[in-house]
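Residue numbers (our numbering), protein chains in the order written: chain A, 51 to 234; chain B, 12 to 230.
Okay, structure first, notes after.
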Amino acid sequence: MTLDPRSPSDSSASAGDSGEVVELPSATRATDIALDELELVYAFIYARVGNRADAEDLTQQVAMKAIPRLRQGAPASAIRGYLFATARSVLGAFWSTRLGLSHAELHEDLALAVPQGPPSDESAERARRILAGLSDNYRRVLELRFLHGYSLKEVAAEMRSTVGAVKVMQLRALRAAAKVDPDA
Amino acid sequence: MPEQSENRIERIVDDLLHGRRLRLRAGDAEEKQAIIAAARLAAARSGPQRMSPAFRRRLAQILDSTPREPRLTRRAALVAGLGVAAGALAGGLVGRELAYSPAPLPLSASSPVVPRNGRWTDVGAMADFSEGQGKLVRAGAVGAFVFRRGETVTAVSSMCSHLPCELWWEGGSSLLECPCHPVSFTYDGKPSSPAYTLPALNEVKVRVTAAGRVEVLGT
Numbered sequence: 051m052t053l054d055p056r057s058p059s060d061s062s063a064s065a066g067d068s069g070e071v072v073e074l075p076s077a078t079r080a081t082d083i084a085l086d087e088l089e090l091v092y093a094f095i096y097a098r099v100g101n102r103a104d105a106e107d108l109t110q111q112v113a114m115k116a117i118p119r120l121r122q123g124a125p126a127s128a129i130r131g132y133l134f135a136t137a138r139s140v141l142g143a144f145w146s147t148r149l150g151l152s153h154a155e156l157h158e159d160l161a162l163a164v165p166q167g168p169p170s171d172e173s174a175e176r177a178r179r180i181l182a183g184l185s186d187n188y189r190r191v192l193e194l195r196f197l198h199g200y201s202l203k204e205v206a207a208e209m210r211s212t213v214g215a216v217k218v219m220q221l222r223a224l225r226a227a228a229k230v231d232p233d234a
Numbered sequence: 012m013p014e015q016s017e018n019r020i021e022r023i024v025d026d027l028l029h030g031r032r033l034r035l036r037a038g039d040a041e042e043k044q045a046i047i048a049a050a051r052l053a054a055a056r057s058g059p060q061r062m063s064p065a066f067r068r069r070l071a072q073i074l075d076s077t078p079r080e081p082r083l084t085r086r087a088a089l090v091a092g093l094g095v096a097a098g099a100l101a102g103g104l105v106g107r108e109l110a111y112s113p114a115p116l117p118l119s120a121s122s123p124v125v126p127r128n129g130r131w132t133d134v135g136a137m138a139d140f141s142e143g144q145g146k147l148v149r150a151g152a153v154g155a156f157v158f159r160r161g162e163t164v165t166a167v168s169s170m171c172s173h174l175p176c177e178l179w180w181e182g183g184s185s186l187l188e189c190p191c192h193p194v195s196f197t198y199d200g201k202p203s204s205p206a207y208t209l210p211a212l213n214e215v216k217v218r219v220t221a222a223g224r225v226e227v228l229g230t
C-alpha cells in the first residue's frame, strides 16, 4: 500500500482543500474557532429562515452534528465546507419537516455557495435584487411590508386599496419574488 | 373550510415581521416558494445577523461540555454495536446525554471494547486461525480481527480509529488497511506509520477455552 503523505484529517477533507491547517492548541481555542465559524453559519441560516428563534435552533443543530469534525483539527476550508454542508442539510430537514416536503423538492434552496467571509449584507442585496425585478405594485407592497414594517391596514391606506386586496397582492408578489430569485 | 392562501401567507408574514418562529403547516407546502421568499425578505429587513451573546455563550457551553474525543466516541460506539447512538450523535438527534455530558466518556484510545451485558461468542477453533494472519470475526455487533501467535490470540476492533469504516486484512503487507483513506494498522492495532498521529485500534477481548475454542467478547 502506498501511503499518502497527507494527514488522515486531510484525506477526509473534500478534494481541493488548500486551506491553512488549523492547529487546536487548547479546548478554549478550539471552541473560539468553532464559534467564529458558527457565527457565519448563524448568519447564513438567519438569512433563510428570517427569525432568531429558528436560526438559533438550527445553528445549534449544526454545531451538535459538526462537533466531531470541529475537534479533529481539519483544514479551515474543510471545517467551513463541512459546517455549511451540514447547515444545508439541517435547513432542508427544517423546511421539509415544516412543510411536509421531500429534500428533493427543496433542492434549489440547498444548492447555495459557502460564504467566504464575515456576515455581510447579502440578504439586503438579494432583497434589493428581488424587488427590482418586480412590477411596481408588487415591489411597493413588499417594500412597505418587509422593509418598512407597515401593517396590512397601513399598506392598504398607503396604496389606496383594501386590506383584502393587499393580502392577495402580497401573496402574488411573494410568488413573483420567488420567481425573480430562483434560490429563494 | 380551508384557510385561503392569502390568509395563510399573511399569518406567516405577520409572524416573521414580529420576530416569531415560522409556524408552518403541511398545507402551507403549496406556497413553499412564497414562504421562503417571505423569510428571505424578513431577514433582509433585519440586516446581517450575529448571534446574541446569550446564544453564543450557550453554544460555547455545549462545545465545551462535549467529550473531547467525539471521534473516538463515535468509533467506540460503532465497534461496541451502538450504531444507533452514534447515528444519533452524527445526526444531531442527539445523543444529548452524550453531547451534554460534562464528564468525558470512559472510552479512550486503545481501550478495550467492553459491551454492556457483553457475552463471549465462539468464533472458531484455534486451528481455524493461521499463524500471524488476521481473520475477521463477528461477535454480535462487535467486529474484530483475531490474530494467532503460537498458542495465544489477540484481537483488535475491525473499525478504523479515524473514520468509521471497517478495515480489511492485507496478507501481503501484514497490515490492516482502511478502505476509506490511506492509513493502515499493525496486528496490535498501532498505526503503521508514525507520521500519522492516529489513535490505536480498540482492543477486543478474546480468549481460548480449555477445549481449544476461540471466544470473543461481543454482544
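Note that CB positions come from ideal geometry on N, CA and C, so glycine has one too.
Note that the structure is predicted; figures quoted are calculated from it, not measured.
request  = Leaving out five residues on either side along the sequence, give the residues of the same chain with a beta carbon under 8 Å from the beta carbon of L184(A).
outcome  = Contacts found: L192, A223, A226, A227, V230.
ask   = Using a Cβ-Cβ cut-off of 6 Å (strictly less than) and excluding sequence neighbours within five positions of K115(A), which residues of its own chain qualify?
value = Within the same chain, K115(A) has close Cβ partners T136.
task = Taking only beta-carbon positions, decide if V167(B) is within less than 8 Å of chain A.
result = Taking Cβ atoms only, chain A never reaches closer than 8 Å to V167(B), which makes this a no.
task = Flag this pair as touching only if the segment 173–180 of chain A and the segment 53–65 of chain B have three or more C-beta atom pairs under 8 Å; answer yes or no.
result = The segment 173–180 of chain A is in contact with the segment 53–65 of chain B.
request  = Buried or exposed for G100(A), please, with buried defined as at least 16 other CB atoms from any protein chain shown within 10 angstroms of its CB.
outcome  = Label assigned to G100(A): buried.
ask   = Can you name the residues of chain B whose CB is closer than 9 Å to the CB of A84(A)?
value = Listed along chain B, the residues sitting closer than 9 Å to A84(A) by beta-carbon distance are L70, A71, L74.
key: Contact set between G135(B) and chain A, taken where Cβ atoms lie within less than 9 Å   = When 9 Å is used as the limit between beta carbons, G135(B) is near no residue of chain A, the shortest such separation being about 27 Å.
ask   = Taking the alpha carbon of T171(B) as the point to measure from, which residue in T230(B), G200(B), D75(B) has its own alpha carbon closest?
value = The sequence shown places Cys at residue 171(B), rather than the Thr named in the question. Among T230(B), G200(B), D75(B), the Cα nearest to that of C171(B) is on G200(B).
ask   = What is the DSSP secondary structure of E162(B), reduced to helix, strand or coil?
value = In the structure shown, E162(B) sits in coil (DSSP, three-state: anything other than H, G, I, E or B).
query = Would a check of beta-carbon distances place R127(B) closer than 8 Å to chain A?
reply = Put simply, the CB of R127(B) is far from chain A, with every gap to its CB atoms at 8 Å or more.
query = Over what stretch of residues does the beta strand (DSSP E) that includes E181(B) continue unbroken?
reply = Note, E181(B): beta strand (DSSP E), 179–181.
message = Just verifying my parser: in three-state terms, what is the DSSP assignment at D133(B)?
response = D133(B) sits in a strand when the DSSP states are folded into three classes.
query = Shorter than 8 Å from the beta carbon of S2(B) to some beta carbon of chain A?
reply = The shown model of chain B, from 12 to 230, leaves out residue 2(B), and the question about it has no answer.
key: For L33(B), the nearest candidate out of I95(A), I83(A), D104(A) (CA to CA)   = Here the closest residue by C-alpha is D104(A).
query = What is the rounded straight-line gap between the Cα of V218(A) and the Cα of E42(B)?
reply = Rounded to whole angstroms, the separation of the alpha carbons of E42(B) and V218(A) is 13 Å.
Opening and closing residue of the alpha helix (DSSP H) in which V194(B) lies = Looking at the DSSP string, V194(B) is not in any alpha helix (DSSP H), and its letter there is neither H nor E.
ask   = Can you find a CB in chain A that lies within less than 8 Å of the CB of V24(B)?
value = By this cut-off, V24(B) is an interface position.
message = Looking at the strands, I want to know which residues DSSP matches up with R224(B).
response = For R224(B), which the question treats as bridged, DSSP gives the partners A136(B).
ask   = With distances taken from CA atoms, which of A40(B), G30(B), L27(B), H29(B) is nearest S248(B)?
value = The question about residue 248(B) has no answer here: the residues shown for chain B are numbered 12 through 230.
task = Output yes or no for whether 8 Å exceeds the beta carbon distance between K156(B) and L178(B).
result = Inspection of the sequence shows that residue 156(B) is occupied by Phe rather than by Lys. For F156(B) and L178(B), yes; Cβs fall inside 8 Å.
query = At a Cβ threshold of 8 Å, is D39(B) touching chain A?
reply = For D39(B), the answer is yes, since a Cβ of chain A falls inside 8 Å of its Cβ.
key: Listed by chain order, chain B residues near A228(A) by CB distance under 7 Å   = Chain B residues near A228(A): Q44, A45, I47, A48.
message = Do A97(A) and R51(B) count as a contact pair if the criterion is CB distance below 8 Å?
response = In this structure, A97(A) lies closer than 8 Å to R51(B) by Cβ.
task = Enumerate in chain order the residues of its own chain whose CB-to-CB distance from A150(B) is below 6 Å, with the five nearest sequence positions on each side excluded.
result = These residues qualify, in order along the chain: T132, V227, G229.
For K216(B), three-class secondary structure by DSSP = Secondary structure of K216(B) (DSSP, three-state): coil.
Of the listed residues V148(B), V194(B), W180(B), nearest to G135(B) (C-alpha basis) = Minimum Cα distance to G135(B) is reached at V148(B).
task = Output the distance between the C-alpha atoms of K137(B) and R160(B), rounded to the nearest integer angstrom.
result = Note that residue 137(B) corresponds to Met in the displayed sequence, not to Lys. Rounded to the nearest angstrom, the two C-alpha atoms are 10 Å apart.
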